[in-house]
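Novice: Attaching a single structure in C-alpha cells format; questions to follow.
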Amino acid sequence: MALCAEVTEKESYDGLCSIGDDKASGVDGYNALFFKKAWLVIKHDINEAVMEFFMTGKLYKAVNCTVVTLLPKVPNPSNIKEYRPIACCTVLYKFIVKVLANRIQKVIATVLSKTQAGFIPKR
Numbered sequence: 001m002a003l004c005a006e007v008t009e010k011e012s013y014d015g016l017c018s019i020g021d022d023k024a025s026g027v028d029g030y031n032a033l034f035f036k037k038a039w040l041v042i043k044h045d046i047n048e049a050v051m052e053f054f055m056t057g058k059l060y061k062a063v064n065c066t067v068v069t070l071l072p073k074v075p076n077p078s079n080i081k082e083y084r085p086i087a088c089c090t091v092l093y094k095f096i097v098k099v100l101a102n103r104i105q106k107v108i109a110t111v112l113s114k115t116q117a118g119f120i121p122k123r
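Taking full-length UniProt numbering, I'd label the letters of the sequence shown as residues 1 to 123.
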C-alpha cells in the first residue's frame, strides 16, 4: 500500500521544499532553510528518521515536541481574543506530516465516497 511504502529521497526532499523558509523553527532552533542548505550532508539521516516513523509508528519526544506561543494581534492586548496562537513544531515533524499528507492525498479518493468532497481536489 502506498501509505506504508519506503520513503524515497525525492519524497523527503519534496516535503522539505514545500515548507516555507520563513516558517518558525521548533524548540530545536532549526528552521527549514537550515535543512535545505544542509540537505546534501543530512539527507541520509533525515530519510532514516522519517522511515523509522513509518516502520514503527512512533516519534521521539524531541521530534514530537511542539510549543504553542501567543502572539498579540494588536498593540497592548488586554484579553485572550487579542492574541493569535502559533504552534512551533520541529522541521523533522513537519517533514513527516508532509510525506504522510502527500501519500494520503494520492489514495483518499479511493477510500471516501464521491459525496465526501471536503479537502479533495477536483471534487
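Note that CB positions come from ideal geometry on N, CA and C, so glycine has one too.
Assign serine 12 to one of two classes, buried (16 or more other C-beta atoms within 10 Å of its C-beta) or exposed (fewer than that).
Specialist: The residue labelled residue 12 in the question sits at position 12 within the sequence shown. Answer is buried; the Cβ neighbour count reaches 16.
Novice: Identify, in the order they occur along the chain, each residue of the same chain with its Cβ nearer than 6 Å to the Cβ of valine 67, setting aside the five sequence neighbours on each side.
Specialist: Translated into positions along the sequence shown, residue 67 becomes position 67. Val27 and Cys88, listed in sequence order.
Novice: What is the residue span of the alpha helix (DSSP H) that valine 111 lies within?
Specialist: In the sequence shown, residue 111 corresponds to position 111, counting from 1. Looking at the DSSP string, the run of the alpha helix (DSSP H) that includes valine 111 is 91-111.
Novice: How big is the Cα-Cα spacing for leucine 3 and asparagine 31?
Specialist: Residue 3 sits at position 3 when you count from the first residue of the sequence shown. Residue 31 sits at position 31 when you count from the first residue of the sequence shown. Distance between the alpha carbons of leucine 3 and asparagine 31 is about 26 Å.
Novice: Tell me which residue opens and which closes the beta strand (DSSP E) that valine 67 is part of.
Specialist: Numbered from 1 along the sequence shown, position 67 holds the residue referred to as residue 67. That run of the beta strand (DSSP E) goes 67-72.
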